[in-house]
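Numbering (the working numbering), first residue to last: 271 to 602.
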Ligand SMILES: NC(=O)c1ccc[n+]([C@@H]2O[C@H](COP(=O)([O-])OP(=O)(O)OC[C@H]3O[C@@H](n4cnc5c(N)ncnc54)[C@H](OP(=O)(O)O)[C@@H]3O)[C@@H](O)[C@H]2O)c1
């Protein structure tokens with residue numbers, strides 16, 4: 271496969287921290303250019319991050335014929351608009367999560383993907399972790415019993431008034447930003463969609479975004495999942511899964527570690543339990559994500575962050591917001 275050629279929309283923090291080092295490290299991808307709304311900012315960002323070309327507008331980047339992949343890490347409320355423009359400019363688009371804030375938008379993007387032949391994917395890097403892929407095969411094979419229950423949490427500290435996550439109009443809040451992770455992993459591991467959800471949500475008095483949210487998902491087969499997320503808490507992410515015979519613990523579930531081992535542990539139901547640890551070599555999940563996206567776009571391989579997955583996830587998230595308002599279980 272030829273090298274895929276990437277351009278980035280916006281001088282985003284996540285790109286600087288994760289995607290840019292991963293694109294540089296990849297032998298299959300080439301990072302060609304970045305665009306900012308401000309030409310000087312774009313030039314500085316490009317220089318600091320070893321990107322050959324900078325553009326002073328997103329339109330100029332999309333007009334560059336040498337680029338075939340766009341990474342879209344703009345604020346949530348701009349994801350759909352700029353993904354659409356990029357596809358209309360003939361590019362494949364890997365867009366940050368949450369790709370869309372409405373079901374209608376995802377359905378429109380599916381139609382656009384079909385009519386354009388360009389791939390649109392949502393950037394959930396954890397889909398590309400060998401550790402979580404292994405856990406999924408354990409549930410599929412029922413080696414450790416039938417998955418019945420899961421709990422996931424994602425907490426961060428973020429009180430910055432200038433951060434996009436504290437901007438209601440820009441699709442901010444804990445559920446859209448971090449609650450999405452345990453929900454997405456649970457849907458993946460259960461291999462089915464929830465039929466009903468309940469949710470309780472506290473809004474930040476100053477910013478009006480949800481800053482502490484807890485929810486329940488009930489799956490068609492009877493499986494249950496609970497999640498909690500918060501933006502005024504010490505950083506922590508973890509998931510626990512319960513089958514009828516075992517418990518699985520996955521620390522730092524949504525992150526890859528390029529230095530240390532990645533593990534999950536399987537506990538028997540005995541007291542004290544016997545523990546089996548599954549260890550995985552360090553991986554860069556962002557690099558795997560970019561390479562898998564390019565292979566899907568250029569060679570037609572499947573991509574885990576598909577619009578169909580986005581559509582199902584968006585329905586769950588919107589049902590959770592509805593349940594937080596109604597204080598009742600809501601169907602998905
Ligand atoms: N997958 C992950 O692990 C992960 C982790 C963190 C974040 N994310 C996602 O990535 C996206 C970006 O997050 P981030 O933390 O990188 O955000 P950020 O640092 O604030 O970057 C967003 C960029 O969007 C551009 N922008 C365009 N219009 C804007 C507006 N009205 N307000 C603010 N910025 C605007 C800005 O670039 P210019 O000024 O240069 O045009 C800005 O640098 C979000 O969707 C978030 O959910 C994903």
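Think of the CB as a built atom: it goes at the ideal place given N, C-alpha and C, for glycine as much as any other residue.
- Of the other Cβ atoms in all chains shown, 16 or more fall within 10 Å of the Cβ of residue 368; this residue is therefore buried.
- In the structure shown, the three-state DSSP call for residue 532 is strand.
- Per the C-alpha coordinates, the member of 517, 412, 344 positioned closest to residue 392 is 344.
- Residue pairing for residue 497: DSSP places it in a beta bridge opposite 422, 485.
- Of the candidates 580, 409, 438, 580 places its Cα closest to the Cα of residue 365.
- Residue 373: member of the alpha helix (DSSP H) spanning 373 to 386, first to last residue.
- The straight-line gap separating the alpha-carbon atoms of residue 595 and residue 341 is approximately 34 Å.
- Between residue 578 and residue 571, the C-beta spacing is not below 8 Å.
- Remark: the shortest separation between the CB of residue 431 and any heavy atom of ligand 1 does not fall under 7 Å.
- Collapsing the DSSP output to three states places residue 413 in coil.
- It is roughly 14 Å from the alpha-carbon of residue 489 to the alpha-carbon of residue 513.
- By the CB criterion at 8 Å, residue 467 and residue 593 fall inside the cutoff.
- CA-to-CA, the gap between residue 325 and residue 319 works out to about 14 Å.
- Between the segment 544 to 557 and the segment 518 to 528 there are three or more C-beta pairs closer than 8 Å, enough to call the two in contact.
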